[in-house]
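Residue numbers (the numbering used here), protein chains in the order written: chain L, 1 to 879; chain R, 880 to 988. Worksheet: the structure to be examined is printed underneath.
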């Protein structure tokens, strides 16, 4: 007889699981009957498919097994919750530690997650975001930057059909009117200091999808000398009106007024650029012939591709641009032109990558740090993990108290499944309470967190996803932290626990030790990191940077004074509390104006590679005012005689191989200079960078007046200076900064990292100590009889103390051993970022080790001492 | 007591249960609906309908004996209850009442 074909086994199995027991037989029978028919008429394969399909269709309410009846569940859950609540109440201290530790961990986790989400969501608001790119240069993969010569945009616009729109932006401050300016409307005589100026092509508004309040994207910048202002600035200067067509005057320059072409919405906070004023580049030339010259790289180029364009192919096609660059270089530096043709390539950077993924690309925008984001992800996970571990630890440690309950429940007919359900319900209750407290804590600390992290985060209580998200999170951590304890607790055998022969809860003390070691290792890593970040910060702020930043005031916006700046300088010098004053455009603070040039030894321009150098124009008082150190030669004397003299720093001297720098002759694009002085290297960028070559050239004008004070009375000095200013410039308020403030702002990131590390190290330590405290209390309780007996036999307090703390000490030493290599790896990577950094020395570990030991000893000794001091009869009388 | 409602599909299935007498079980009913009414129903839908009819008290059921067919699985046979019969009769009467009042040639097909 033929074996009858039968359908796939798994379907029947599935049916058996899913269907109600009493319905399964008839359902499968009917299906099988049809199956036989299908096999003969339609073939085996088709029959299998149909069988599966029809079996699937039996997933209807009437046929599906009820996994447990509704009524039972409700009653039991109510009972579980009641018992959970009672056990929480019974051990108030334990419950507080459990919930408190959890809540702290969750608060930290919430804050960090919001921070990370915010960082990851930059530039995600564009409708055509996947088609918007910024073009960047790549030289050998070593150097990447975003600026292009002006004519490049026109070449791109006319030669590449795959590109829909091209627009240029000049974001770097200090380029003509970009950056900051004194601004007034044509109807007001008073100047206001304003920041956030940039130059932009008319198309840029459409490419970056900047929404307009007045005017429209196409026409707002399409007239020469037009300007688009942000909504908040429009409200300030033209309250409650449409300012299109109004005139704005910058820096009192009446000959070149700007006409408002439109008002744009303020840039969203999650945008890589944020400007209040966009000046049109339409038909604008900064000097005659500038728009056709390939000399100067000042324009960032944004493009919107057609939807059919493949960006990788376009990158290939863009290579033709380098021919234009090489063509220009051919004339004055042929070897450079060769290299350009070989090594210069172009990158299309998606707009959404600009904020976080521009690490190796030089531009002048604000950036997040992907590394920091990952670091935060790690810290957030760690803190949450610590809190969960605490929970698991305390739950299993306390299991002894619940073992009788488990025994009784089992005897009365609870199955293991029910008990697991019970303990998960209990975990859920605790998680729910902890998360609620945690989120409230997070909301409480959000303002201070925002301040440290420089964010404007808020907790989205009203978002549609908030409540489901939080519930999901609660469920997740319920399972994560509650699963092990519930399996552990429900596994007790009723005979053992009711006979009380189970050595209570000490069975898996090894696992608990592992978890404690994990907690302490994590705390030590965080603590060592915090210490090292602080040391680096201290190193930066106290290192001799080559100039004196104390009591130095930098007055900005002096360029509008014109001729009068000399008078101002002399008047300042005559003040008794001013030691010296200097007029310059340049200060040694990262992010301020820079002027990069190529220098050569005289006559070597066609032969040697250029030495990239900062050329700073300063007056004769600069070196004295800044407290810089002139090593050899002399300062500028008479400006007329010294017009081609130059003072160089050590870095430039060594790059040019000048053994005897004084008297040497060097040249750049402006002509030939005679070196008259050698100045000690000073840090003019952040200490993440090496000190680069720099040259000081004489000038008699500048945008900044640098004033060195010599008085203790800061307020009086400033009043005197302001009075002099107001005399000369009645319509422009004085604006100044302190050099030491600006210097510290340069290292804000480091300061922030230090605070964050310190805060989380403390949090982790608190959570770990809470756990340790709970464990030691439990340990003491377990060994109460033992301790009492020991005391009866004459053990001293010292003996008891040693007995109880020795174990914990061992764990702490082990944690140290584990934590050292970890923190070593992490921190040496962080310090790699700095050219000038402190070393990682062993005393950091000593400090961290001693601190941790002391803190944990104090934690443990509280319970240990109490146990040692207790009257032994109290521990022995009950049996 | 709540008035028990019977749907069109339920009515069809119930009628076929009555019609098939001793042979009314899932597969037979499904096939009968297909052949008599040219109406394709999946066997799961028929089961669901029968389940609803049973809940409303219009049918009772019992398991038959095991046979060599269909993998040895037993069949569940359905039988109409008095209240089921009553419902069917009522529907028929109501229809007859209305049909008898239709004017001749009122239906244009």
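Every residue, glycine too, gets a C-beta built ideally from N, C-alpha and C. If you're wondering where the values come from, they're calculated on a predicted model, not measured in any experiment.
Give me the chain L residues within the contact set of residue i, using Cβ-Cβ distance strictly less than 7 angstroms, ordered along the chain.
i	result
residue 906 of chain R	30, 33, 34
residue 955 of chain R	26
Flag this pair as yes or no: are the beta carbons of residue i and residue j separated by less than 8 angstroms?
i	j	result
residue 389 of chain L	residue 527 of chain L	no
residue 295 of chain L	residue 343 of chain L	no
residue 585 of chain L	residue 669 of chain L	no
residue 949 of chain R	residue 33 of chain L	yes
residue 681 of chain L	residue 546 of chain L	yes
residue 525 of chain L	residue 822 of chain L	yes
residue 533 of chain L	residue 753 of chain L	yes
residue 300 of chain L	residue 205 of chain L	no
residue 119 of chain L	residue 368 of chain L	yes
residue 146 of chain L	residue 321 of chain L	no
residue 793 of chain L	residue 868 of chain L	no
residue 912 of chain R	residue 891 of chain R	yes
residue 27 of chain L	residue 62 of chain L	no
residue 577 of chain L	residue 716 of chain L	yes
residue 552 of chain L	residue 738 of chain L	yes
residue 649 of chain L	residue 679 of chain L	yes
residue 249 of chain L	residue 197 of chain L	no
For a contact defined as C-beta to C-beta under 7 angstroms, what are the partners of residue i on chain R?
i	result
residue 27 of chain L	926
residue 54 of chain L	921, 922, 923
Can you list, in chain order, the residues of its chain whose CB lies under 6 angstroms from that of residue i, leaving out five sequence neighbours each side?
i	result
residue 38 of chain L	47, 50
residue 836 of chain L	687
residue 735 of chain L	193, 556, 557
residue 274 of chain L	267
residue 876 of chain L	788
residue 144 of chain L	136, 138, 360, 361
residue 276 of chain L	196, 230, 233
Can you find a heavy atom of the ligand ADP that lies under 7 angstroms from the Cβ of residue i?
i	result
residue 131 of chain L	No copy of the ligand ADP occurs in the structure displayed, which carries no ligand at all.
Check the DSSP bridge columns for residue i and list the partner residues they point to.
i	result
residue 19 of chain L	L:64
residue 645 of chain L	L:674
residue 697 of chain L	L:617
residue 246 of chain L	DSSP lists no partner for residue 246 of chain L.
residue 554 of chain L	L:706, L:737
residue 138 of chain L	L:144, L:345
residue 193 of chain L	L:182
residue 350 of chain L	L:133
residue 165 of chain L	L:304
residue 667 of chain L	L:600, L:672
residue 51 of chain L	DSSP output for residue 51 of chain L lists no bridge partner at all.
Excluding five sequence neighbours on each side, which residues of the same chain lie with their C-beta closer than 8 angstroms to the C-beta of residue i?
i	result
residue 880 of chain L	One cannot answer for residue 880 of chain L here, as it falls past the ends of chain L, which runs 1 to 879.
residue 247 of chain L	185, 186, 257, 258, 259, 260
residue 880 of chain R	Low per-residue confidence applies at residue 880 of chain R: pLDDT is 38, beneath 50, and the placement is therefore not dependable enough to give any value.
residue 1 of chain L	At residue 1 of chain L the pLDDT is 41, less than 50, meaning the model places this residue with poor confidence; the figure from the coordinates comes in the next sentence. No residues qualify anywhere along the chain.
residue 474 of chain L	428, 431, 432, 435
Under 9 angstroms Cβ-Cβ, which residues of chain R neighbour residue i?
i	result
residue 62 of chain L	926, 927, 930, 931, 934
residue 13 of chain L	The contacting residues do not exist; residue 13 of chain L stays about 14 angstroms from chain R at best.
Under 8 angstroms between beta-carbons, which chain L residues line up against residue i? List them in chain order, please.
i	result
residue 950 of chain R	6, 28, 29, 32
Excluding the 5 residues preceding and the 5 following residue i in the sequence, name in chain order all residues of the same chain whose CB lies nearer than 7 angstroms to its CB.
i	result
residue 126 of chain L	132, 209, 351
residue 315 of chain L	346, 347, 348
residue 285 of chain L	291
residue 330 of chain L	337
residue 112 of chain L	376, 379, 380
Does chain C have any CB closer than 8 angstroms to the CB of residue i?
i	result
residue 58 of chain L	Of the chains in the structure shown, none is chain C; the protein chains are L and R.
Taking only runs of the beta strand (DSSP E) that begin and end inside the stretch 931 to 973 of chain R, which ones reach a length of at least 3 residues, in chain order? 938 to 942, 955 to 959
Hey, which unbroken runs of the beta strand (DSSP E) at 3 residues or more fall wholly within the stretch 707 to 759 of chain L? 736 to 738
Kindly provide the ranges of any alpha helix (DSSP H) runs that are 4 or more residues long and lie completely inside the stretch 438 to 512 of chain L, ordered along the chain. 466 to 490, 494 to 499
Segments of 3+ residues assigned as beta strand (DSSP E) that fall wholly inside the stretch 358 to 444 of chain L: none
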